[in-house]
Each structure stands twice: as C-alpha cells, then as structure tokens.
Amino acid sequence: MSLRQDTRTGSVRRRTGGQLPLVLLLPALVGLAFLLVPLIGLLIKAPWSTLPSRLFSADIWQALRLSLLCATLATTVCLLLGIPLAWLLARASLPGRGLIRALVTVPLVLPPVVGGVALLLVLGRRGLIGERLDLWFGFSLPFTTAGVVVAEAFVAMPFLVISVEGALRAADPRYEEAAATLGAGRWLTFRRVTLPSIAPGVVAGAVLCWARALGEFGATITFAGNLPGRTTTMPLAVYLALETDPDVAVVLSLVLLLVSVVVLASLRERWISGLR
Amino acid sequence: MTLYADVRVSRGAFDLSLDLTVEPGEVVALLGPNGAGKTTALRAIAGLLPVGAGRVALDDEVWDEPPRVFRTPDRRPIGVVFQDYLLFDHLSALENVAFGLRARGVEKHAARAEALRWLGAVGLASYARSRPRALSGGQAQRVALVRALATSPSVLLLDEPLAALDASTTLHVRAELGQHLNRYEGRTLLVTHDPLDAMVLADRLVIVENGRIVQQGRPTDIARRPRTDYVAQLVGLNLYRGTATNTTVALTDGGTITLAEPASGPVHVAFPPTAVSLYPEPPTGSPRNTWPAVVTGIEQHAHTVRVRLDATPTGPTTLLADITPAAVADLHLTPGQHLHATLKATEIHTYPS
Amino acid sequence: MFRRTALAALAAAAALTLAGCGNDSPAASSSGSSTTALSGTVNVFAAASLTGSFTQLGKDFEKAHPGVKVNFNFAGSSALAQQINQGAPADVFASAAPKNMDQVADKNTPTTFVKNTLEIAVPTGNPGKITGLKDFADKNKKIALCAVQVPCGAAADKVFKAVGITPQPDSLEQDVKAALTKVSLGEVDAALVYKTDVLSAKGKVEGIEFPEASTAVNEYPIATLTKAPNADGAKAFVDYVLSDQGKAVLTASGFDSP
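Protein chains in written order, with full-length UniProt numbering: chain A, 1 to 276; chain L, 1 to 353; chain V, 1 to 258.
Here you go:
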C-alpha cells in the first residue's frame with residue numbers, strides 16, 4: 001500500500017530521497033522479513049506433492065466453513081455492540097472513562113485460554129448467567145457454534161472498539177452539530193452523519209476483528225470445546241493435527257492463510273480505496 | 001414573531017452578555033473582532049450551547065431559559081450556515097439539501113423534489129449529484145445556504161458565511177447572498193468580522209466588543225456617528241449606491257465616481273478613508289476622481305485623523321478621509337475649510353447591488 | 001542448522017568440562033545410584049500429566065545432589081518430541097505415550113517407569129448421575145473426551161472400541177487437563193481422564209473406576225537423550241525416577257507401577 005503511494009508521488013520521494021529513507025527503510029525491511037519469514041517456513045515445509053489429495057478432505061472444508069461463518073458472525077456481534085461502546089467512550093461524558101477504556105482492552109492482554117475460562121465462569125452451565133439461561137430456556141452456550149461466536153467476539157471486540165473510537169475522536173463533531181441544526185435527532189445524526197464519516201475506521205476495525213476471530217484458538221477451545229462440524233474451527237483443527245501429523249497442520253494453516261489473505265486484500269481494495 | 005435573545009455565557013475570564021432582537025424580514029449583523037463572542041452568541045441561539053443565564057425565545061415560544069427550559073437544536077425552527085459550510089461529504093449536493101427535510105419527516109421523494117427546486121433557485125440544479133468536494137467555494141456556499149433555507153426556518157443564522165471564499169468570488173457571492181436574504185421572510189442573524197459584509201447585507205448592525213454590545217443601529221448611522229474608536233475604524237468605510245455606466249458611477253445621492261474597471265447597472269461602491277487624499281490646491285496630473293470639498297468635521301483617533309467632508313455637487317455628499325496628524329497641521333484644517341479631495345481609483349471596490 | 005549444531009556442541013563441551021571438574025573431587029552420594037558428584041543443570045522435558053509428581057521428584061533430587069539444578073519443561077508429549085527433534089537442549093524426556101517417545105530419534109533405550117489408567121471423572125456430587133461407561137453414549141448427558149490425536153483420547157478410543165460403545169461427546173478436548181477443567185467447572189457431566197488427573201483435582205471432581213480401563217493402560221516411557229548436554233545428570237535423574245523413592249512419589253500421585 002505504501003509502496004504504491006511512493007511511486008504515485010514520485011516528486012516527494014525524490015525530494016526526501018537523501019537521508020531519511022535509509023534510517024526508516026532498513027528497519028522497515030527487517031520488520032517485513034520478520035513477519036514474512038515464518039510464512040516462508042510454512043511454504044517450504046508444505047507437503048506439496050500430497051497437497052491436492054489432502055486438500056480434498058471433507059474435514060478441512062467443514063472446518064474452514066465453520067471458521068468463516070463464526071468469524072463473520074463474531075464480527076457482526078462486535079459491530080453491533082462495539083460501535084455503540086466506542087461511541088460511548090469517545091463522545092459521552094462518563095466518569096472513569098480512562099478506567100473503562102483500560103478494561104475494554106483486557107481481552108487483548110488476557111491469555112485467551114484464561115478468557116475462555118472466564119467466559120465459562122459467567123456463561124457456562126454453572127456460570128453466573130449461564131445457569132439462569134440453562135434453567136429458564138434450557139439453553140447453554142458451551143459446546144455450541146454460538147459459543148464459538150461468543151468466544152471469538154470476546155477476544156476480537158477490543159480491536160473494533162479501539163479502531164472505531166480512534167475514528168470517532170478524529171471525526172469533526174461539528175458535522176453532528178450541523179445535522180442537529182437541520183432537525184436531526186441524535187440517532188438519525190449518528191446513522192446518517194457520524195457513521196458514514198467514520199466508515200474507514202469501522203471497516204479497518206472490522207477487518208482486524210475478523211482476522212483475530214478467524215485465528216482464535218485458546219478462548220474458543222476452552223469455552224466452546226472441540227467437536228467437528230459444530231465447534232472445530234480451523235485453528236483447532238490445526239492444533240490437533242499438529243499432535244499427530246504436522247504435515248496436515250501445515251496444509252490447514254496454508255488454507256486458512258490463503259483464504260484470509262484473499263478476503264482481507266479484496267476488502268481493503270474495495271473499501272479503503274473506495275472511500276479515500 | 002420576534003426573536004428575543006438575551007444571551008449570557010461565562011467561560012473562564014470571558015463573559016458574554018448580549019441582548020438582541022430580530023424582527024421578521026430583518027437582517028441583523030453581529031459585527032466585531034475575533035474573540036468578541038459573536039459566534040458564541042450564534043451557537044447559543046442555535047442551541048449548540050446552553051446559555052448560562054438569560055433567555056432565548058421566538059415570541060412566547062421559549063427555546064432556552066435556565067434552569068427549566070432547553071430545546072435541543074433539532075427542536076428549534078432554525079437554519080444555520082456555518083463558516084466552512086460543513087456540508088456532508090458522503091452525500092451529494094441534493095442529499096445535503098434534502099437532509100433537513102428528511103430529518104423533519106418529509107417523505108423521501110418529496111424531499112428530493114423540494115431540494116432540487118432549491119438547488120435550481122441558486123442555479124445549481126445541474127450539480128445535484130455532485131459531492132461537496134467537487135464544488136467550488138462559491139457553489140458550496142450556495143448549497144450550504146439552501147440546505148439551511150430548505151426547511152423554511154423561522155430563524156436563519158449565518159456564521160461568517162463569506163470568510164472561506166477567496167477575494168475574487170466574495171464580491172459575487174456576497175451580492176447573491178444579499179438577494180437571497182432580501183427574499184427571505186424570517187429573521188436573519190449574520191455573524192461577521194468583515195464590516196463590508198455587515199454593511200452590505202444587514203439592515204441593522206450590532207457591534208460587539210469583549211462580549212458586550214458597544215453600538216447598534218442602521219449601517220449608515222453607525223458609519224456617520226461611530227461611538228468608539230474601534231467602531232470608527234471598523235465601519236470607517238465610504239459606501240455608496242449608484243448606477244454604473246462603463247467606468248462612471250452616478251451616485252444615488254448626487255455626484256459621480258470614476259472606476260478603474262467598467263461596470264454596469266445598480267452597484268455598491270466602497271473604498272476605505274485611507275484611499276482619500278486632501279490638497280489645498282487642485283492637484284496636478286489630474287487624478288480621475290478629484291472633487292472640491294468642504295470640511296464638515298474632524299475627529300482625532302489614536303494614530304490618524306478622520307476628516308468628514310462634503311464633496312457636492314461633483315462628489316459624494318459624505319466623504320471620509322483618514323490623514324496623519326502632520327498633514328492636519330500642514331493643511332491647517334478647520335471645519336468649513338475648502339479643499340480638494342482625490343481618490344485612487346484602484347482602491348475602489350464595486351459590486352452589484 | 002549449522003550454527004545450532006555448533007552451539008549444542010559448545011554447550012556439550014561446557015557440560016563435559018563441568019562434569020570433569022566434578023570428577024576431581026569425589027563426594028559421597030546420599031541417595032540414588034549415582035556414585036560421582038554431579039553439577040550443572042539437568043533439563044527434563046516431561047509430559048504435562050507429570051507436572052505435580054516430577055516437580056516433587058525434582059526437589060528431592062536436588063536435595064540429594066547439592067549443586068545440581070533440575071529444570072522442567074512440561075508440555076504435551078508430542079510438542080515436546082518436536083522440540084527435542086528441532087534441537088532443544090534436553091537431557092531427559094519423559095513421555096506420556098510410547099508413540100511420542102518413538103518420534104524422538106536421538107535417545108538411549110527408554111524404560112517404562114509408570115502406568116496410568118483411565119477413570120471416569122464427574123463433578124463433585126455427580127449431578128449427571130453417571131454410573132458407568134454406557135452413559136457416554138447418552139445424548140442427553142454432556143460428555144467431554146480427549147481428542148483422539150492426543151494420548152488420553154487414543155486410550156479412550158481403545159476402551160470404547162473394546163466394549164463396543166459409541167460415545168456421544170460434546171467436545172473433544174485438546175488435552176487431558178482441558179477435559180478435567182470442563183468437569184471441575186461442571187460444564188460436562190463426565191469425562192474420561194487419567195486416575196492421576198482425578199487425584200490432582202480432588203475436591204472438585206470425583207472418580208468412578210470401571211473394569212474396562214485395563215484394556216487401555218497408558219505406559220509412560222523415560223529416556224536420556226544421546227545429545228544431552230549433561231549426560232551424567234540425565235542418567236542420575238532417570239535412575240532417581242526409577243528408584244524406590246521415585247516410585248513412592250509417583251504412586252502417591254495415582255500412577256501405577258509398571
């Protein structure tokens with residue numbers, strides 16, 4: 001993305017071509033290598049000769065489909081709950097906002113497995129809320145696909161909230177004032193003025209959120225367990241495959257990687273560039 | 001129905017206290033330097049800022065009266081044109097204009113038809129689908145104006161509506177804005193720091209300094225009798241109406257002025273008092289605008305002396321000239337004295353009225 | 001790869017030198033089979049299910065051999081096997097299954113040091129009213145099993161095949177501790193775990209023994225590694241595990257002697 005910009009504004013690059021880039025370029029390349037080398041390792045280790053036959057295993061597609069479904073649903077949940085939360089943090093004058101903001105990031109810091117246990121303690125069959133759900137509705141989240149969505153949403157939500165809150169802070173609140181003078185109430189203003197103006201931030205947050213949900217392992221396996229077709233997402237399948245057949249694990253990882261890169265790249269192209 | 005605004009707002013050391021009324025069809029300009037509290041007053045009337053004390057009301061419909069009454073902006077029949085317009089970038093010009101109608105419950109198709117009519121009224125029908133970013137400054141200003149007017153507000157609030165424009169478009173847009181304000185039947189409050197905008201557009205000037213009204217009245221009255229140095233400098237402007245034929249303007253109150261650029265039809269002519277020079281004898285080289293004049297008044301300001309002259313029958317009835325104290329001494333200026341006044345044609349601003 | 005080999009060689013050389021120093025001043029051993037004074041550190045890679053008992057064993061071993069430090073790396077057996085194969089500086093490998101031991105190439109002959117049998121774990125009070133293995137086929141009961149890819153899952157699979165029951169699990173957990181957690185939190189009515197695990201969670205879970213457990217006894221092999229940086233220490237530690245003191249600690253944790 002940044003490379004393309006460089007070539008577009010060639011004059012800028014020529015002007016700053018003197019001393020700045022080397023200082024930045026070197027660590028940038030090291031950083032890029034740092035991120036890409038493990039990927040290359042996977043590609044090298046991939047069992048290319050047996051790859052096609054392995055790819056056509058039903059288990060892979062089942063896990064992949066479940067992964068995509070759950071990550072998308074989790075992102076939807078995060079959007080529905082996270083955008084209002086971000087709005088509250090950015091706009092409302094509420095006491096202890098700093099503390100609330102810090103608490104929102106807790107799922108980022110918490111080891112996912114611990115997050116899963118925490119979810120069990122609250123939403124599990126004997127959990128604070130889960131017990132009521134089970135008692136009143138005969139419904140229990142663990143070991144269900146809905147449980148996977150809950151676990152993924154829990155872990156991924158901070159990415160959305162932080163991103164959207166940043167966009168809201170950067171957005172000019174005077175546009176909301178303008179809408180108010182035109183007779184728009186707060187909800188209409190939010191829908192028709194605020195939300196469109198922070199769309200790039202929302203999309204960026206949703207993309208991060210989706211990617212995080214797609215790779216989620218610890219909280220998912222702890223809270224939702226692992227049952228093929230119901231709660232076995234790709235990362236779980238990869239982990240268990242690693243126990244017996246590392247080659248299969250590599251194949252699964254590559255599939256997950258490929259799908260996510262394709263989805264993220266096309267989303268970025270479409271949204272970020274379209275909005276710019 | 002009259003807009004009453006007794007606006008009192010305190011913010012730290014700054015203290016604003018203005019008592020304003022605007023009658024239907026009237027255009028009142030709030031004129032003053034930056035930081036005088038003009039915009040704060042406008043925001044309070046719009047409901048974007050609650051007053052600390054006082055009262056804002058449209059006749060007996062109270063909008064804001066602490067501690068009991070406060071109507072949010074969306075529940076006030078107002079239209080606001082903001083300094084940088086604040087057009088919604090993600091909406092087309094048409095959708096921007098239709099926004100207020102939609103927000104007030106007008107059905108979608110009707111709102112769009114009405115919005116299109118408004119755009120047509122300012123000659124922008126063909127830009128209906130353009131995004132605000134694709135519009136020129138003048139076009140954006142007109143969209144902002146009709147967006148505010150489309151909901152037929154009882155009160156129109158304009159915050160420095162011409163400040164974001166470059167000098168060349170300002171003249172034209174100002175004249176056009178004047179025409180729209182003339183047609184508008186509601187109450188208009190215009191906030192500006194530019195005396196020219198205020199004098200051309202407003203029926204009444206309210207001059208604000210440090211959060212207080214220092215003088216108010218008709219533009220010509222204020223220009224004739226400025227009460228403070230600040231007001232004198234602010235409105236120290238020679239402003240005339242007349243009819244232009246090529247480079248000659250026949251002034252409505254008698255006399256003529258010669259322009260550097262040709263014009264035609266009814267015009268405003270304005271120039272600062274510093275553009276006028278005074279000579280005891282007719283100057284050589286015959287500048288185009290040279291009039292015999294009689295001194296009618298002398299006012300001492302901080303660094304200049306303002307001389308009031310009568311240049312009839314060849315020039316304007318009231319002519320202001322700012323000269324240095326040294327020149328006053330040289331000329332032995334006294335009221336009733338006969339002099340020759342010249343005006344540099346290049347410092348004259350003309351705009352259609 | 002080359003650099004890692006070099007490093008390992010360097011570490012081995014250092015260990016040898018240290019061991020050599022130790023040989024210069026023979027000291028009486030207080031216990032175990034070691035006759036030479038030991039020093040340095042012994043890196044023990046052990047299956048996660050050995051965490052409790054090996055930690056105790058390590059302390060005892062250090063007491064018996066002052067100057068020696070035992071470092072443990074507890075994880076799933078297959079992960080450990082991979083780490084060792086990728087050059088991790090391990091001296092001893094104690095696996096929860098012979099299969100994972102087989103995956104490690106550079107090792108000395110392994111010895112089975114304990115056996116672990118499966119047991120049904122239920123939450124305290126047995127809310128699901130579990131009586132035996134047949135309840136695992138009941139769709140109305142919440143059941144967790146280990147995934148078949150990990151040792152406890154493989155063992156459970158063997159048991160169910162032997163008795164002809166098709167279990168209806170709600171989750172296939174990634175390791176035995178995860179299955180146990182689900183029981184102790186009451187999320188499931190029953191899970192099939194090792195006897196040692198039931199013992200370790202005493203108070204939160206109850207164990208139900210079943211006769212068919214004998215069909216899938218899990219054997220734990222232990223071996224020193226040929227590339228061990230501290231070969232003497234490795235041997236001493238394995239000897240200690242196999243000694244009577246070692247056995248006592250392990251049995252107390254619920255393991256059976258081989």
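The C-beta atom is built at its ideal place from N, Cα and C for all residues, glycine as well.
If you draw a straight line from the Cα of F136 of chain V to the Cα of F137 of chain A, it is about 24 Å long.
Taking all protein chains shown into account, T109 of chain V has fewer than 16 neighbouring C-beta atoms within 10 Å of its C-beta and is therefore exposed. Collapsing the DSSP output to three states places L89 of chain A in a helix. A Cβ of chain A is located within less than 7 Å of the beta carbon of H90 of chain L.
Within chain A, no C-beta atom comes less than 8 Å from the C-beta of F70 of chain L; the nearest is roughly 13 Å away. In the three-state reduction of the DSSP assignment, E23 of chain L falls in the coil class.
With respect to L237 of chain L, A270 of chain L sits close: the two C-beta atoms are nearer than 7 Å. The three-state reading of DSSP puts E185 of chain L in coil, since its state is none of H, G, I, E or B.
Taking a C-beta distance under 7 Å as the contact criterion, G242 of chain L and L234 of chain L do not qualify as a contact pair. Residue contact check for Q149 of chain V against chain A: a CB pair falls below 7 Å.
In the displayed model, R186 of chain A falls within a helix according to three-state DSSP. If you ignore the 5 residues before and after V114 of chain V, its C-beta comes within less than 6 Å of the C-beta of Y220, L250, F255, all in its own chain and listed in chain order. At a cut-off of 7 Å between beta carbons, Q174 of chain V contacts chain A.
Against chain V, the beta carbon of T244 of chain A has neighbours under 8 Å at S78, Q149, listed in chain order. In summary, P280 of chain L is exposed, with fewer than 16 beta-carbon neighbours lying within 10 Å of its beta-carbon over all protein chains present. In terms of Cβ geometry, I222 of chain V and A94 of chain V form a close pair [threshold 7 Å]. For E209 of chain V, the closest alpha carbon among the candidates V:V92, V:V42, V:E119 is that of V:E119. When the Cα atoms are used, P258 of chain V and N218 of chain V turn out to be separated by approximately 10 Å. The beta carbon of I221 of chain A sits closer than 7 Å to some beta carbon of chain V. A straight line joining the alpha-carbon of K177 of chain V with that of L26 of chain A spans about 45 Å. Among the bridge pairs identified by DSSP, C146 of chain V is matched with V:E173.
In this structure, V:A79 is the residue among V:P66, V:T117, V:A79 with its C-alpha nearest to the C-alpha of N100 of chain V.
Cβ atoms of S92 of chain L and S130 of chain L come within 8 Å of each other, at about 6 Å. When the beta-carbon positions are compared, F45 of chain V and A96 of chain V stay at least 7 Å from each other.
By the rule that beta-carbons nearer than 7 Å mark a contact, E177 of chain A touches chain L.
Note: W291 of chain L is bridge-paired with L:A341 in the DSSP secondary-structure output.
Sequence-distant Cβ neighbours of L133 of chain A in its own chain, meaning closer than 8 Å and more than five residues away, are L123, F139, S140, L141. If only uninterrupted beta strand (DSSP E) runs of at least 3 residues are considered, those enclosed by the stretch 46-127 of chain L are 53-58, 61-65, 78-81.
Per DSSP, V104 of chain V is not a residue of any beta strand (DSSP E), being assigned neither H nor E. The continuous stretches of alpha helix (DSSP H) do not include Q216 of chain L, which lies in the beta strand (DSSP E) extending over residues 212-217. Residue burial annotation: W118 of chain L is buried, with at least 16 other C-beta atoms found within 10 angstroms of its C-beta. In this structure, L:S168 is the residue among L:V62, L:L124, L:S168, L:L48 with its C-alpha nearest to the C-alpha of H349 of chain L. Pairing Q56 of chain V with V106 of chain A, the inter-Cα distance amounts to about 35 Å. With contact defined as three or more Cβ pairs closer than 8 Å, the stretch 175-193 of chain L and the stretch 41-55 of chain L are in contact. Selection V:A48, V:H65, V:S39 evaluated against Y240 of chain V yields V:H65 as nearest (Cα-Cα). Classified as exposed, Q179 of chain L has fewer than 16 neighbouring CB atoms from the shown chains inside 10 Å of its CB.
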